Amino acid sequence: MSSTETQRVYSDAERARLSRLARESIRYGLQQGCALPIQAADYPQNLQAARAAFVTLNRQGGLRGCIGHLEPVQPLVADVVQNAFAAAFQDPRFPPLQAAEEPQLEVHISVLSLPQAMTFDSEADLLRQIRPGEDGLILQDGPHRGTFLPSVWESLPEPRQFLEHLKIKAGLPSGHWSDRIRISRYQTESWSDLAPGR
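By my numbering, the letter at position 27 of the sequence shown is numbered 24, and the numbering carries on one by one without gaps.
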């Protein structure tokens, strides 16, 4: 378990099952144009619990799609299946996935803890509280909202740099600050399916 994870909740078998379902949902999407249909009740209790997850797709070392929820809206198994399809075909930053790309995909799943609101009296105070490599952040200021998963620390290792880029992602200038800014943090339990899974 890496520093970006909460205490481990999911067994190797459960992780493998979710990774398999994510990839099956992508393949089903290539053939049918929708996410893999499942019944959450058919899966272990731990995967039926309502949890928020992100599915990130990487190809040839670069991002190929990332979609998820910040708060629980459905059983974890359903969230993973639907987010895998959406990451492949509905991320507005990328064209829909093509069949030739699927064998090259790395499928990364992150299950989120419940976000916790942070209390701070200045940007400097906030920066002192952020835990590099551990915290995912949700930033909101009026209609502007964005999040970075803990895995983003790998490319933005300094708290100020991390926060500045999160502001940009939320549609704000990197130097923006106001009394209306709200920050919540969360942790993830994450794993990757590195192989094509065939």
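For glycine and all other residues, C-beta sits at the position ideal for the given N, C-alpha and C.
Just so we're clear, the structure is a prediction, and the values are computed from it rather than from any experiment.
Which residue or residues does DSSP assign as beta-bridge partners of Gln126? Position 129 of the sequence shown, counting from 1, holds the residue named residue 126. BP columns for Gln126 are empty, so no partner.
Nearest candidate by alpha-carbon position, reference Ala75, set Arg177, Ala121, Arg14: Against the sequence shown, residue 75 aligns to sequence position 78. Ranking the options by Cα distance to Ala75, first place goes to Arg14.
Option nearest Leu102 by Cα separation, candidates Ser16, Asp39, Thr144, Arg5: As a position in the sequence shown, residue 102 is number 105, starting the count at 1. When C-alpha distances from Leu102 are compared across Ser16, Asp39, Thr144, Arg5, the shortest belongs to Ser16.
Suppose you measure from the CA of Ala85 to the CA of Leu94; what does that come to, to the nearest Å? Position 88 of the sequence shown, counted from the first residue, corresponds to residue 85. Position 97 of the sequence shown, counted from the first residue, corresponds to residue 94. Taking the straight line from one Cα to the other gives about 5 angstroms.
If you drop the 5 nearest sequence neighbours on each side, which residues of the same chain put their C-beta closer than 6 angstroms to that of Ala81? Numbered from 1 along the sequence shown, position 84 holds the residue referred to as residue 81. Same-chain partners within the cutoff: Ala19, Ser22, Ile23, Val52.
Helix, strand or coil: how does DSSP classify Val108 here? Taking the first residue of the sequence shown as position 1, residue 108 is located at position 111. In the structure shown, Val108 sits in a strand (DSSP, three-state: E or B).
Evaluate Glu186 with the Cβ neighbour count: other Cβ atoms within 10 Å of its Cβ, from every protein chain shown; 16 or more gives buried, anything less gives exposed. On the sequence shown, position 189 is the one that residue 186 refers to. Glu186 should be labelled buried.
What is the rounded straight-line gap between the Cα of Gln206 and the Cα of Val104? This structure cannot settle anything about residue 206, because the visible part of the chain is limited to -2 through 195.
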